[in-house]
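Accompanying notes for the structure given below.
Protein chains: 2
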Amino acid sequence: MNYFSSGFKLGILGGGQLGKMLLAETRKFDIQTYVLDPSAEAPGRFACNVFQQGNLMDFDTVYQFGKQVDVLTFEIELVNIQALEKLESEGTTVFPSPKTLKRIQNKGIQKDFYVAHGIPSAAYSHFDNVTALKEALSKNQLTLPFVWKCTEFGYDGNGVKVIRRAADCDGLPDVECIAEDMIPFKNELAVIVARSAAGEIKTYPVVEMEFHPEANQVEYVICPARIDAQIAQKARDLALQVSEAYAHVGLLAVEMFQTHTDEILVNEVAPRPHNSGHYSIEGSYTSQFENHLRAVLGLPLGSTDSKVAGIMVNLVGEEGFSGPVLYENIETILEWSGVTPHIYGKTETRPFRKMGHVTITNENISEARKIAEKVKNTIRVISNNVN
Amino acid sequence: MNYFSSGFKLGILGGGQLGKMLLAETRKFDIQTYVLDPSAEAPGRFACNVFQQGNLMDFDTVYQFGKQVDVLTFEIELVNIQALEKLESEGTTVFPSPKTLKRIQNKGIQKDFYVAHGIPSAAYSHFDNVTALKEALSKNQLTLPFVWKCTEFGYDGNGVKVIRRAADCDGLPDVECIAEDMIPFKNELAVIVARSAAGEIKTYPVVEMEFHPEANQVEYVICPARIDAQIAQKARDLALQVSEAYAHVGLLAVEMFQTHTDEILVNEVAPRPHNSGHYSIEGSYTSQFENHLRAVLGLPLGSTDSKVAGIMVNLVGEEGFSGPVLYENIETILEWSGVTPHIYGKTETRPFRKMGHVTITNENISEARKIAEKVKNTIRVISNNVN
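Quick mapping for you: the protein sequence lines, in order, are chains A and B.
Per the UniProt record's numbering: the first sequence = residues 1 to 387.
Per the UniProt record's numbering: the second sequence = residues 1 to 387.
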């Protein structure tokens, strides 16, 4: 198949920041792209060939959109699977496949899949609704504390809550859910695996999420993780095992816990480019976005090795500001070596909204870490509108 | 000034491959861009906010286009300078300035500028037209061989001819021109200098153009140049001297000869991103395109250091093919480590047309050079239409 400067059309469901960064690669290769997103202001409305506004959960919208393209992929899991299934049955190539997506979209099915495939993960119980969960709790069938997760439609921390006492369940939506053991962990790690339609597999190096000592919030994604080589190998092997079990096409981001006894447990997976791989744009020989594109097109995968160390800092809207965005002190951070801001192109900031990220690359990871901390403490995502 | 996700507008004259690669950076920073190009099929018609088709040499077109933006820059020297001058006089920021462009656009003026500023360059004579040149030749006032260059509107090798005997002048257009001494050289080198509106200056490492042993055609641009550190420093210092003399804002690509006696002479300059800096997208901490953007916006310049060695191979249309382009064996080169094709997005190939380039990055420059040669010998820019 001739993809380059040809009549070939790639469809992308979702035009958020992941779609936008994927489009940088389709432009580099001059591959025609169609993007569907519910927002007329989506960051991915530029740099595609055709942008269409529409509901990603609506069967007809997704189906009609998919009929226009040769290969269909997505940057978000919350899409209409039935439409993908129909498209696939009618001959459209859909990667990752609806089968893979089904196994991941619902967190209960995802956990069941780990058990069935001998993939180590936190113990859990699966409930049809919160009423059933509360009943189990009242009968002492559940041990506190645990992590409540709704099985579907959770995103970016929504649909997840730590339950420390029974009363914490009050106000939870009465939906299908799981109660997962809380894993005390030393490190939160992630490995991105690329798997092509031809079955070629490559894993990126293990990255480490460094948390704020008090706020329990990821502050830095660090590549390579500052962990023992044996642990890193174990994490990479586990990610590979997960990838082989899913037999997905495209990227699979595997988030993991390193416990205090150096067990590695899978936390959750995402079948798409992932926040934990953003460093790869500047840090790796082939970015996660280019490898996602190569994978879904059945092209050979690029090297996942790093050129230099990379650290990523998320840019999220400061609390107390909503309105037209202002990146305070961005000029200051641009003075420092190896600092690259990515501004996603959302015009309005809101507290905790993901507005961009900054990558810090350096030959020396300690130096990168120092600069990353200065970046984190300097740039602020605010607005002249204070609320 | 707030450039990021704001109402600020950058105008770019020219939407060829240089404009296209610059747009990758404006998207990364979410800076609004307007692009003007004569072709409705220009590679830079995507990824900008507004694309306008129009003649870059037409006063009114350029003037009206410029009136819409806050800062105006260009990716090609062949633009209407009078319109830029009027825009500048009316308060539009134009970088590089029309003053800089005037000193460069005409090769006679460029050479006179070198003499006036003590910048070493090949000796030359300046003629109002070819008739005058032929007269000088007939009076033995010119020594054969020499390089004939038209002073204006030459591009990509057009408007340059080696004159070995008087008859070689037959058929030259009767325009203003120079006759330049032929410099026997050991190496052709280039240094890209970034200079910001605030006067900050950074030079990229010296790159080396490696020629085909027979075809006298640049095959590889290699960074860093495989030359003596002292020669490299001399070349970088000379590029800095040229940059300071022009006091340009934006990039200045300085092409140089290293003679057999290790003199460094300036060949010519371009006030914009340049083919010799394409390796920087993958090889450098900050690409030439990002630094051009930073410079014209008065932002701090990014590090010009390399992460790893970078080699660039141009993709030009094969002789004998014209029509819808086909990148033969591109899948094969994608198998090799550190290989990144850039496909400019021109739908039709023609013999020698610049259709793209491939960057090869590697920790080890010898390894990169080996892969570059395999790339060069493998990918072919052809068409199913044979002519």
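Even for Gly, the Cβ is constructed at its ideal location relative to N, Cα and C.
Which whole-angstrom value is the C-beta distance of A/Val296 and A/Gly338, which I expect to be below 8 Å? Reading the first sequence from its first residue, position 296 is the one you call residue 296 of chain A. Reading the first sequence from its first residue, position 338 is the one you call residue 338 of chain A. Contact check for A/Val296 and A/Gly338: beta-carbon distance about 30 Å, past the 8 Å limit, so the pair fails to qualify.
Buried versus exposed, by CB contacts within 10 Å (16 or more), A/Pro43: For the purposes of this step, residue 43 of chain A is taken as residue 43 along the first sequence, with counting starting at 1. The C-beta of A/Pro43 has 16 or more other C-beta atoms within 10 Å across all chains shown, which makes the residue buried.
Chain B contact residues for A/Arg294, given Cβ-Cβ distances below 8 Å: Start at 1 with the first residue of the first sequence, and residue 294 of chain A comes out as number 294. Using a Cβ-Cβ cut-off of 8 Å, A/Arg294 is close to Leu334 of chain B, given in chain order.
With a threshold of 6 Å on Cβ separation, who are the neighbours of A/Asn106 within its own chain once the five nearest residues in sequence on each side are excluded? Looking up residue 106 of chain A in the first sequence gives position 106. For A/Asn106, where only same-chain residues beyond five positions count, the Cβ hits under 6 Å are Thr151, Glu152.
Are A/Asn384 and A/Pro324 close, meaning C-beta to C-beta below 8 Å? Sequence index remark: in the first sequence, residue 384 of chain A carries index 384 (1-based). Sequence index remark: in the first sequence, residue 324 of chain A carries index 324 (1-based). Yes. Within cutoff.
Inter-residue Cα distance where the pair is A/Thr26 and A/Leu293: Working through the first sequence from its first residue, we reach residue 26 of chain A at position 26. Working through the first sequence from its first residue, we reach residue 293 of chain A at position 293. If you take the alpha carbons of A/Thr26 and A/Leu293, they lie about 8 Å apart.
Cβ-based burial, A/His248 [other Cβ within 10 Å; buried from 16]: Position 248 of the first sequence, counted from the start, is the residue given in the question as residue 248 of chain A. Buried, since its Cβ has 16 or more Cβ neighbours within 10 Å.
Flag this pair as touching only if the stretch 296 to 309 of chain B and the stretch 318 to 333 of chain B have three or more C-beta atom pairs under 8 Å; answer yes or no. Taking one beta carbon from each stretch, the stretch 296 to 309 of chain B and the stretch 318 to 333 of chain B have fewer than 3 pairs nearer than 8 Å; the two do not touch.
Looking at C-beta atoms only, is the number of pairs between the stretch 221 to 237 of chain A and the stretch 179 to 189 of chain A that lie closer than 8 Å three or more? Flag = yes, the stretch 221 to 237 of chain A and the stretch 179 to 189 of chain A touch.
For A/Arg165, count the other beta carbons within 10 Å of its own beta carbon; 16 or more makes it buried, fewer makes it exposed. Which is it? As a working mapping, residue 165 of chain A is identified with position 165 in the first sequence. Here A/Arg165 is exposed: its Cβ has fewer than 16 other Cβ atoms, across all protein chains shown, within 10 Å.
I need the boundaries of the alpha helix (DSSP H) containing A/Lys376, first residue and last residue. Counting from 1 along the first sequence, the entry for residue 376 of chain A is found at position 376. Residues 365 to 378.
Establish whether the CB of A/Ala47 and some CB of chain B are separated by less than 8 Å. Mapped onto the first sequence, residue 47 of chain A falls at position 47. So, interface residue.
Check whether the stretch 168 to 186 of chain B touches the stretch 250 to 262 of chain B, taking contact to mean three or more Cβ pairs, one atom from each stretch, closer than 8 Å. Touching, yes, given that three or more Cβ pairs across the two stretches are closer than 8 Å.
What does a CB cutoff of less than 7 Å around B/Thr33 pick up in its chain, not counting 5 residues either side in sequence? Reading the second sequence from its first residue, position 33 is the one you call residue 33 of chain B. Its chain contains Leu10, Ile12, Leu23, Thr26, Cys48, Asn49 as the residues whose beta carbon lies nearer than 7 Å to that of B/Thr33, once the 5 sequence neighbours on both sides are disregarded; these appear in chain order.
So, helix, strand or coil for B/Ser276, using DSSP? For this step, residue 276 of chain B is matched to residue 276 along the second sequence. Of the three classes helix, strand and coil, the one that applies to B/Ser276 here is helix, per DSSP.
If the cut is a Cβ gap below 8 Å, which residues of chain B does A/Thr347 touch? Here residue 347 of chain A corresponds to residue number 347 of the first sequence, with the count starting at 1. Ordered by position in chain B, the residues that pass the 8 Å Cβ test against A/Thr347 are Ser5.
In or out: B/Asp60 buried (at least 16 other Cβ within 10 Å) or exposed? To locate residue 60 of chain B, count along the second sequence from 1; it is residue 60. Classification of B/Asp60: exposed, given that the 10 Å Cβ count is below 16.
Where does A/Asn267 sit, in a helix, a strand or coil, going by DSSP? Against the first sequence, residue 267 of chain A aligns to sequence position 267. Strand, per DSSP.
Own chain, CB closer than 8 Å to B/Lys102, minus 5 neighbours either side, in chain order: If you number the second sequence from 1, residue 102 of chain B lands on position 102. Closer than 8 Å at Cβ, skipping near neighbours: Ile81, Ile109.
Since B/Lys28 sits in a beta bridge, which residues does DSSP pair it with? On the second sequence, position 28 is the one that residue 28 of chain B refers to. Answer is none; B/Lys28 lacks a bridge partner.
Unbroken beta strand (DSSP E) run spanning B/Ile81, endpoints: For the purposes of this step, residue 81 of chain B is identified with residue 81 of the second sequence, where counting begins at 1. Element bounds for B/Ile81: not the beta strand (DSSP E) but the alpha helix (DSSP H), 81 to 89.
Only counting the same chain, and skipping five residues up and downstream in sequence, which positions put a Cβ closer than 7 Å to that of A/Glu88? Along the first sequence, read from residue 1 onward, the residue named residue 88 of chain A stands at position 88. Cβ within range, chain order: Val94, Ser97, Pro98.
Could you name each continuous beta strand (DSSP E) segment of 3 residues or more that falls completely within the stretch 146 to 187 of chain B, going from the start of the chain to the end? Here the runs fully enclosed are 146 to 150, 160 to 163, 177 to 181.
B/Asn329 burial status per 10 Å Cβ neighbour count (16 or more: buried): Residue numbering aside, residue 329 of chain B sits at position 329 when the second sequence is read from its first letter. Classification of B/Asn329: exposed, given that the 10 Å Cβ count is below 16.
Against chain A, does B/Leu326 count as a neighbour if the rule is that its beta carbon must be under 8 Å from one of theirs? Translated into positions along the second sequence, residue 326 of chain B becomes position 326. Yes, B/Leu326 counts as interfacial toward chain A.
Check whether the Cβ of A/Asp30 lies closer than 8 Å to any Cβ atom in chain B. Position 30 of the first sequence holds residue 30 of chain A. Yes, A/Asp30 lies at the interface with chain B (some Cβ there is under 8 Å from its Cβ).
Return the residue from the list B/Arg226, B/Val254, B/Ala245, B/Glu219 that minimises the CA-CA distance to B/Lys236. What you label residue 236 of chain B is simply residue 236 of the second sequence in a count that begins at 1. It is Arg, not Lys, that sits at residue 236 of chain B in the sequence shown. It is B/Val254 whose Cα lies nearest to the Cα of B/Arg236.
Taking CB distances under 8 Å as the criterion, tell me whether B/Ala380 reaches chain A. Indexing the second sequence from 1 puts residue 380 of chain B at position 380. It should be noted that the sequence gives Arg, not Ala, for residue 380 of chain B. No, no contact with chain A.
Check whether the Cβ atoms of A/Gly356 and A/Leu315 sit closer than 8 Å, and answer yes or no. As a working note, residue 356 of chain A is residue 356 in the first sequence. As a working note, residue 315 of chain A is residue 315 in the first sequence. Less than 8 Å divides the Cβ of A/Gly356 from the Cβ of A/Leu315.
Using three-state DSSP, classify A/Lys139 as helix, strand or coil. For the purposes of this step, residue 139 of chain A is taken as residue 139 along the first sequence, with counting starting at 1. Three-state DSSP puts A/Lys139 in coil, outside helix and strand.
What residues in the stretch 350 to 363 of chain A bring their beta carbon closer than 7 Å to a beta carbon of chain B? Against chain B - using a Cβ distance shorter than 7 Å - the residues of the stretch 350 to 363 of chain A are Thr361.
What separation, rounded to the nearest whole angstrom, lies between the Cα atoms of A/Ala123 and A/Glu180? Along the first sequence, read from residue 1 onward, the residue named residue 123 of chain A stands at position 123. Along the first sequence, read from residue 1 onward, the residue named residue 180 of chain A stands at position 180. Cα to Cα, the separation comes out at about 6 Å.
So with CB distances below 9 Å, who are the chain A contacts of B/Ala24? The residue you call residue 24 of chain B lines up with position 24 of the second sequence. Close to B/Ala24, with beta-carbon spacing below 9 Å, are these residues of chain A in chain order: Ala24, Arg27, Lys28, Ala47.
Against chain A, does B/Glu331 count as a neighbour if the rule is that its beta carbon must be under 8 Å from one of theirs? Along the second sequence, one-based indexing puts residue 331 of chain B at 331. The beta-carbon of B/Glu331 is placed less than 8 Å from the nearest beta-carbon of chain A.
Determine the DSSP secondary structure at B/Ala190, reduced to helix, strand or coil. Taking the first residue of the second sequence as position 1, residue 190 of chain B is located at position 190. In this structure, B/Ala190 counts as strand in the three-state DSSP scheme.
Scan the stretch 293 to 316 of chain B for residues whose Cβ lies nearer than 8 Å to a Cβ of chain A and list them as they occur along the chain. Of all residues in the stretch 293 to 316 of chain B, Arg294, Leu299, Pro300, Gly302, Ser303, Asp305, Lys307, Val308 have a Cβ within less than 8 Å of some Cβ in chain A.
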